[in-house]
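In my numbering, the protein residues as written are 43 to 78. By construction, the Cβ of each residue, glycine as well, lies at the ideal position given by its N, Cα and C atoms. Comments concern the structure below.
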């Protein structure tokens, strides 16, 4: 069961990173883009 939880967390982190990167690009915010 822990493996499934880890996979879900990883997928969530990846999605959050993609969102941050997109916002950084849209707002020309290099710091946020780098965080993503």
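CB contact flag (residue i, residue j, <8 Å)
i: residue 62; j: residue 74; result: yes
Same chain only: Cβ atoms within 8 Å of residue i, ignoring 5 sequence neighbours per side
i: residue 67; result: 75
For residue j and residue i, the rounded distance between their alpha carbons
i: residue 58; j: residue 49; result: 14 Å
i: residue 45; j: residue 53; result: 12 Å
i: residue 65; j: residue 72; result: 10 Å
Contacts around residue i, its chain only, beta-carbon distance under 6 Å, and the 5 residues preceding and following it disregarded
i: residue 70; result: none
7 Å CB neighbourhood of residue i in its chain, flanking five on each side removed
i: residue 47; result: none
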